[in-house]
Each structure stands twice: as structure tokens, then as C-alpha cells.
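Asks:
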Amino acid sequence: MTSTISSPAETGHGVAVVFEEMHRWYGPVHALNGLSIDIAPGELIALLGPSGCGKTTALRALGGLDVVDQGSILVDGKDMTHVPTNKRNMGIVFQAYSLFPNMTARDNVAYGLRLRGVDKDARNKRAEETLELVGLGAQSSRYPHQMSGGQQQRVALARALAIEPKVLLLDEPLSALDARVRRQLREEIRRIQIMLGITTLFVTHDQEEALAMGDRVGVMNAGRLEQIAPPAELYDRPQTRFVAEFVGLTNRVPGKADAKTVSVLGATVELLPGSAERGDVTALVRPENVRLTQAKDGTGRVLAVSFLGSLCRAQVAMRDETIVVAQMAASDSVGLFPGAVVRVGVVPAPVFATTD
């Protein structure tokens with residue numbers, strides 16, 4: 333069966349979403365603390381952060397499942413702050429599949445259309461098309477208990493898309509799946525989202541998911557947005573210590589800062605904006621920017637080597653007792669073994685530095 337899912341131009345997908353100075357309190361907890369984000373039409377924003385940072389509260393506020401105490405939410409230029417959930421036309425996919433066990437995949441997907449008064453033939457046609465879109469056209473007559481976790485989540489995604497929502501909300505939709513299925517499904521979700529051009533807010537605590545899926549990634553901490561940027565910029569040029577330490581792996585290496593540069597591991601590298609700029613500092617160096625060279629006069633000794641498929645990580649103890657982790661291609665790790673003496677250096681990539 334060939335899918336005839338409507339294009340963004342036909343359905344009006346790709347609307348702008350604006351969070352303006354949103355605040356939300358739960359008693360003494362300031363869950364959202366002045367959150368402001370502009371989401372472009374058709375953009376996928378991934379909100380990333382630890383538990384309790386406010387990312388799910390932001391998603392629920394957009395979906396009308398929670399209220400904001402201050403601030404506003406604009407969708408396609410219209411103020412939706414106090415509009416009831418059932419009038420916002422948003423598709424939501426949660427971590428729990430929440431499928432009706434006594435309904436087939438087709439009937440689960442068609443359920444939202446039935447609530448909207450769509451006649452049976454039209455809603456079944458739409459359900460079949462949407463199941464085809466998510467790769468489950470052949471399973472439309474199956475019940476949830478006859479499907480894998482990944483298939484059930486695809487049904488949940490199809491159900492959210494079947495109503496042709498203005499905005500798609502994804503709240504940790506992949507966290508209950510095993511790693512292989514999670515990777516496969518995130519690629520499928522991204523493909524479908526780009527194809528439909530639907531504005532999407534994706535909430536996750538998984539850094540890899542956020543960086544792989546988001547046009548931009550927003551890092552939240554204690555209700556505040558620490559930084560929002562394209563994945564590569566967020567990773568290479570963090571603007572705060574929290575972002576530098578939360579996104580990816582970092583080595584905490586002693587250094588000495590002097591205005592715009594820092595001396596670390598025998599090299600002088602540029603400091604990122606927001607860094608401590610004078611005196612003794614701790615430089616946050618990415619493992620892939622650490623270079624190891626076997627040398628009898630080296631100042632480091634390899635403690636352990638971990639092979640991660642095409643990559644390898646080596647843990648090295650320095651003479652001053654600093655522990656440094658280096659990451660490299662597995663093909664470059666020949667000769668590295670516990671006890672090997674190595675010279676440790678860094679590539680001249682900008683780093684963030686802090687005094688604590």
C-alpha cells in the first residue's frame with residue numbers, strides 16, 4: 333500500500349511555537365524559571381537535562397496537560413496559554429505506549445479520529461496510511477499483546493500523527509526500549525518528522541538521542557535554559573560549566589588561565605566565553621581532544637584500555653595524580669596497554685575553564 337499522508341502545505345504543519353518567560357511553581361519548587369524558547373516552523377527541538385530540571389513540565393505546558401503560573405505560549409501566532417488540551421490539536425507520544433489492549437493497531441490509531449467525528453471509512457483509511465508511514469502496514473489487525481515494544485511505540489506515534497496535529501510532543505518515547513530498537517526508532521521518527529515538516533518538541537535525558545535528533549538542543553537545569561544551540565555547537569562550544577560537564581564526557585585537568593587562553597597539558601588553548609580567565613583553573617577537556625604518544629620519558633601511565641567497537645578509550649594516570657581519559661579510533665590504539673608509559677597532550681580545541 334502506498335501512503336498518501338498529506339504534505340505540510342496541505343495540512344498546515346510547520347507552525348511556529350514560542351515560550352515567553354514561562355514560570356511554574358510546585359509549592360517551593362520553581363519547575364520553570366523564566367523559560368523562553370522560539371521554535372521555528374518544522375523544527376525539532378530536543379530538551380535535555382537531568383530528572384527534575386523542568387523539561388517535561390515545559391512539554392506538558394505546551395500540550396495543555398499542565399498550566400503555567402506566569403508567561404505565555406504562542407502557537408502559530410495565537411495565544412494558547414489557557415486553551416483546553418482538546419482544542420490545541422497536538423499529538424503526544426509518552427514513554428508508556430498507552431494503547432487500548434482490546435483494540436487492534438488500526439483501531440488504536442483511528443481512536444482520535446473517532447473522537448473528532450470522522451466517519452468510519454475515512455478514519456480507517458487514515459489509520460492504514462499512518463501505519464504504513466511508520467512501517468506497520470502489515471500489522472494493522474494485530475493487538476498490542478501481539479506486538480513488540482518497538483512496534484507498540486510505532487503505533488503510539490501513528491496515533492499521534494493520524495489527527496494531523498499542529499505540533500508533535502515526544503516525552504521520553506524511547507526510554508523503555510532496548511538500545512538497538514531505540515536507535516532504529518529514533519532514526520525513523522526523525523525521518524518522518526522531516527518528511528512531514530511538523531514542528532516537534534522532544535524531551536529526553538539521553539544525550540545521544542538529543543544530539544542525534546535535534547535541529548537544536550536545549551539544556552535545562554533547575555528550571556532554567558542553560559543553552560540552546562545546534563548539536564555540534566552545543567558540544568564544541570558550551571556556554572556554561574553545567575553544559576560543558578553534562579553534555580558528553582570531559583576531563584577535569586589543572587591549568588593556568590591568562591585572559592583568553594589557558595595552559596593545559598603542555599599546550600596553550602583558547603578559552604570559551606564564560607570561562608574563568610585568570611589564575612589556577614580546571615580545564616574541561618573532551619577525551620577525543622587528548623592525544624597519547626608512547627614515550628619512555630612520558631608523564632603518564634596507562635591504567636586501563638576499553639574497546640568500544642570502532643573507538644577506544646584509555647585511562648591514564650599523570651604524575652600529579654590527575655586521571656585523564658583519552659578517546660581515539662581503535663586503529664590508533666595499537667600498543668596501548670595497562671602499564672604503558674605515554675606522553676599526554678591536547679589538540680588546540682577551545683575549552684571551558686572553571687575555578688571549582
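For the sequence shown, the numbering used here gives the first residue as 333, with consecutive numbering after it.
Backbone N, C-alpha and C define an ideal beta-carbon position, used for all residues, glycine too.
Which ranges does the beta strand (DSSP E) cover as unbroken runs of at least 3 residues, wholly within the region 587-640, from first to last along the chain?
Replies: Listed in chain order, they are 593-596, 599-602, 610-617, 622-626 and 632-640.
Asks: Using 8 Å as the Cβ pair cut-off and three pairs as the minimum, do the region 556-569 and the region 407-414 touch?
Replies: Result no; under three Cβ-Cβ pairs closer than 8 Å.
Asks: In whole angstroms, give me the CA-to-CA distance for R455 and V415.
Replies: For R455 and V415, the distance between alpha carbons rounds to 26 Å.
Asks: Report, in whole angstroms, the separation of the C-beta atoms of V499 and T536, which I expect to be a contact under 8 Å.
Replies: Between T536 and V499 the Cβ distance is about 17 Å, and since that is not below 8 Å, they are no contact.
Asks: Can you check DSSP and say which residues form a bridge with L406?
Replies: BP columns for L406 point to V350 and D411.
Asks: Select from D370, D451, L581 and R486 the residue whose C-alpha is nearest the C-alpha of L465.
Replies: For the residues D370, D451, L581 and R486, the minimum Cα distance to L465 belongs to R486.
Asks: My guess is that G546 and L557 are in contact by the Cβ rule of under 8 Å, so how many angstroms apart are they, rounded?
Replies: Between L557 and G546 the Cβ distance is about 14 Å, and since that is not below 8 Å, they are no contact.
Asks: Please report how far the alpha carbon of L640 lies from the alpha carbon of E520, in whole angstroms.
Replies: Near 25 Å, if we compare the C-alpha coordinates of E520 and L640.
Asks: Are C385 and M650 closer than 8 Å when you measure CB to CB?
Replies: Taking 8 Å as the Cβ cut-off, C385 and M650 do not qualify as a contacting pair.
Asks: So, helix, strand or coil for S335, using DSSP?
Replies: Its pLDDT being 41, under 50, S335 is placed unreliably by the model, and nothing is read from it.
Asks: With a threshold of 6 Å on Cβ separation, who are the neighbours of G481 within its own chain once the five nearest residues in sequence on each side are excluded?
Replies: Within the same chain, G481 has close Cβ partners L509.
Asks: Would you please state the rounded distance, in angstroms, between the beta carbons of L506 and R518? I believe it to be under 8 Å.
Replies: Contact flag correct, Cβ pair sits at about 6 Å.
Asks: Please classify S665 as buried or exposed, where buried requires at least 16 other C-beta atoms within 10 Å of its C-beta.
Replies: That one is buried.
Asks: Would you report the Cα separation of Y475 and G677, rounded to the nearest angstrom?
Replies: Straight-line Cα distance between these residues: approximately 57 Å.
Asks: Indicate the three-state DSSP secondary structure (helix, strand or coil) for T690 in the structure shown.
Replies: Past the boundaries of the shown model lies residue 690; the chain is included only from 333 to 688, so the question cannot be answered.
Asks: Note down, in chain order, each residue of its chain lying with its Cβ closer than 8 Å to the Cβ of S383, except the 5 sequence neighbours on either side.
Replies: Only H537 meet the Cβ criterion.
Asks: Please report the straight-line C-alpha distance between T593 and V601, rounded to a whole angstrom.
Replies: Taking the straight line joining both Cα atoms gives about 5 Å.
Asks: If you draw a straight line from the alpha carbon of L603 to that of L616, how long is it in whole angstroms?
Replies: Computed Cα separation, rounded: 10 Å.
Asks: Applying the 10 Å Cβ sphere with the 16-neighbour rule, what's the burial state of G325?
Replies: A question about residue 325 goes unanswered here, because the residues of the chain that appear run from 333 up to 688.
Asks: Comparing C-alpha positions only, which one of T625, A599 and I655 sits nearest to A681?
Replies: Nearest C-alpha to A681: A599.
Asks: In the DSSP output, which residue or residues are listed as bridge partners for Q647?
Replies: DSSP output for Q647 lists A636 and V657 as bridge partner(s).
Asks: Please return the same chain residues whose Cβ sits closer than 8 Å to the Cβ of Q426, not counting the five positions on each side in sequence.
Replies: Per the sequence presented here, residue 426 reads as Phe, with Gln not at that position. Cβ neighbours of F426 beyond the five flanking positions: A488, D503, E504 and P505.
Asks: Roughly how many angstroms lie between the CA atoms of E342 and L463, to the nearest whole one?
Replies: Here E342 scores only 44 on pLDDT, less than 50, and its place in the model is too uncertain to base an answer on.
Asks: Look at the alpha carbon of T614 and the alpha carbon of I371, and state the distance between them as a whole number of angstroms.
Replies: Whole-angstrom Cα-Cα distance: 35 Å.
Asks: Tell me where the beta strand (DSSP E) around V676 begins and ends.
Replies: Its beta strand (DSSP E) spans residues V673 to V678.
Asks: If you reduce the DSSP assignment to three classes, tell me which class G550 lands in.
Replies: G550 falls in the strand class under three-state DSSP.
Asks: Shortest alpha-carbon distance to D652 belongs to which of M660, G632, D612 and S638?
Replies: The shortest Cα separation from D652 among M660, G632, D612 and S638 belongs to G632.
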